[in-house]
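Okay, so here's the structure we're looking at.
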Amino acid sequence: MSVLFETYRYSYLRKGKPVFVPSERGQAIGYALKEQIEAAVEFDQFLYHLRRGGHVAALHAHRQHRYFARIDIERFFYGIGRNRVARALAEIGIAKAGEAAKWSCVRNPYGEPRYALPYGFVQSPILATLVLMRSPVGAFLRDLPVTASVYMDDISLSGDDKELLDTAFARLLQVLEQSNFALNKEKTQPPAEAVALFHCDLTHQHAAVKAARKAEFYSIDRSAASASAFERYCDGVANGNAPAA
Numbered sequence: 006m007s008v009l010f011e012t013y014r015y016s017y018l019r020k021g022k023p024v025f026v027p028s029e030r031g032q033a034i035g036y037a038l039k040e041q042i043e044a045a046v047e048f049d050q051f052l053y054h055l056r057r058g059g060h061v062a063a064l065h066a067h068r069q070h071r072y073f074a075r076i077d078i079e080r081f082f083y084g085i086g087r088n089r090v091a092r093a094l095a096e097i098g099i100a101k102a103g104e105a106a107k108w109s110c111v112r113n114p115y116g117e118p119r120y121a122l123p124y125g126f127v128q129s130p131i132l133a134t135l136v137l138m139r140s141p142v143g144a145f146l147r148d149l150p151v152t153a154s155v156y157m158d159d160i161s162l163s164g165d166d167k168e169l170l171d172t173a174f175a176r177l178l179q180v181l182e183q184s185n186f187a188l189n190k191e192k193t194q195p196p197a198e199a200v201a202l203f204h205c206d207l208t209h210q211h212a213a214v215k216a217a218r219k220a221e222f223y224s225i226d227r228s229a230a231s232a233s234a235f236e237r238y239c240d241g242v243a244n245g246n247a248p249a250a
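Position in the sequence shown counted from 1, then plus 5, gives you my numbering.
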């Protein structure tokens with residue numbers, strides 16, 4: 006008896022990117038799979054999208070250094086095919102890995118790979134991370150002599166030795182290509198004394214939300230609560246997340 010895989014109900018565009026809304030059964034399977042992965046894998050501490058503090062904590066991890074670099078993976082989810090997902094799940098002991106991969110993928114709106122992880126499924130972030138970390142990229146990042154952070158499709162490097170950082174950056178580009186991860190060349194930035202990251206400016210001992218991001222936020226009317234939350238966020242970027250005295 007064949008099984009009908011109705012993985013999603015509908016899709017739509019958000020800021021020009023396709024987003025898929027999972028079916029009721031697909032969503033339940035997604036939550037269960039996410040829990041299985043979390044129980045089976047102890048993810049690296051440099052994966053800041055899986056940690057408390059998120060991208061702000063990632064910024065602060067680099068702030069003490071003098072040189073910074075950024076690599077952006079192009080179409081991170083949609084570049085990961087169903088076979089890669091199934092293989093990664095099988096490697097960590099997930100039962101019926103192939104079936105779980107089918108429930109986690111959709112027909113790729115970008116063409117290749119034919120079936121890929123979509124934006125909109127609850128399990129997509131942890132599956133994409135699992136595939137990335139079980140590729141040669143994960144091994145490379147773990148052994149780097151410079152500071153590394155990963156926040157979904159953004160990989161950031163920093164250090165005080167420019168030559169060492171240049172070498173790490175160049176080698177990481179090679180490893181990503183060899184691991185079949187495409188680069189967003191417009192967003193990728195080679196080592197320099199300043200970097201734009203998460204709509205923030207980062208230099209030695211200084212981080213701040215970009216003026217353009219602030220202008221965008223205040224370009225429409227905001228509630229007092231929304232404005233206050235945004236200002237707290239900006240303060241957190243600039244001053245860190247130290248607990249109150």
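Every residue gets a Cβ at the ideal spot worked out from N, C-alpha and C, and that includes glycine.
Using a 10 Å radius around the Cβ and a threshold of 16 neighbouring Cβ atoms, would you call residue i buried or exposed?
| i | result |
| --- | --- |
| Asn244 | exposed |
| Arg89 | buried |
| Ala45 | exposed |
| Tyr156 | buried |
| Gly125 | buried |
| Arg75 | buried |
| Gly98 | exposed |
| Gln128 | buried |
| Ser161 | buried |
| Tyr83 | buried |
| Ile85 | buried |
Give the DSSP-derived three-state secondary structure of residue i in the structure shown.
| i | result |
| --- | --- |
| Ser184 | coil |
| Lys306 | What the structure shows of the chain is the stretch from 6 to 250, and residue 306 is not part of that stretch, so it cannot be assessed. |
| Gly86 | strand |
| Cys205 | strand |
| Thr161 | With the sequence shown as reference, residue 161 is identified as Ser, and Thr is not the correct amino acid for it. If DSSP states are grouped into helix, strand and coil, Ser161 belongs with the strands. |
| Leu64 | helix |
| Ile34 | helix |
| Ser231 | helix |
| Tyr53 | helix |
| Ser16 | strand |
| Pro23 | strand |
| Asp226 | coil |
| Phe81 | coil |
| Ile76 | strand |
| Arg71 | coil |
| Ala100 | coil |
| Gln179 | helix |
| Val242 | helix |
| Gln194 | strand |
Under 8 Å Cβ to Cβ from residue i, same chain only, skipping five residues before and after it: list those, please.
| i | result |
| --- | --- |
| Arg112 | Arg119, Tyr120 |
| Leu207 | Leu64, His67, Arg68, Phe73, Ala199, Val200, Ala201 |
| Tyr53 | Gly59, His60, Ala62, Ala63, Ala66, Ser154, Val155, Tyr156 |
Taking just the CA atoms, how far does residue j sit from residue i?
| i | j | result |
| --- | --- | --- |
| Phe25 | Glu79 | 18 Å |
| Leu178 | Pro141 | 12 Å |
| Ile42 | Val136 | 12 Å |
| Leu202 | Ala63 | 10 Å |
| Glu87 | Arg176 | In the sequence as displayed, the identity of residue 87 is Arg instead of Glu. Straight-line Cα distance between these residues: approximately 27 Å. |
| Val242 | Thr12 | 38 Å |
| Val151 | Ala216 | 29 Å |
| Gly35 | Gly116 | 23 Å |
| Ala232 | Gln194 | 31 Å |
| Tyr15 | Pro27 | 8 Å |
| Pro72 | Arg218 | Looking at the sequence itself, residue 72 is Tyr, so the reference to Pro does not match. Taking the straight line joining both Cα atoms gives about 23 Å. |
| Pro4 | Gly31 | Nothing about residue 4 can be reported from this structure: the residues present for the chain run from 6 to 250 only. |
| Ala250 | Cys239 | Because Ala250 carries a pLDDT of 32, less than 50, the predicted location of this residue cannot be relied on, and the following value inherits that uncertainty. Their Cα atoms are separated by approximately 20 Å. |
| Leu18 | Ala66 | 33 Å |
| Ala100 | Leu132 | 15 Å |
| Lys20 | Cys110 | 21 Å |
| Lys39 | His60 | 21 Å |
| Ala212 | Ala197 | 15 Å |
| Asp148 | Asp49 | 12 Å |
| Asp171 | Asp165 | 11 Å |
| Arg227 | Phe174 | 40 Å |
| Tyr223 | Cys205 | 16 Å |
| Ser163 | Glu29 | 43 Å |
Short of 7 Å in beta carbon distance, which residues of its chain neighbour residue i, apart from the five on each side in sequence? Order them along the chain.
| i | result |
| --- | --- |
| Gln69 | Gln210 |
| Asp158 | Asp77, Ile78, Phe81 |
| Ala102 | Ala91, Leu94, Ala95 |
Using a Cβ-Cβ cutoff of less than 6 Å, which residues in the same chain neighbour residue i once the five nearest sequence positions on both sides are dropped?
| i | result |
| --- | --- |
| Ala106 | Arg87, Val90, Ala91 |
| Phe145 | Val180 |
| Lys192 | Asp77 |
Subject >> In chain order, each beta strand (DSSP E) run of at least 3 residues that lies wholly inside the region 117-155 >> reply: none
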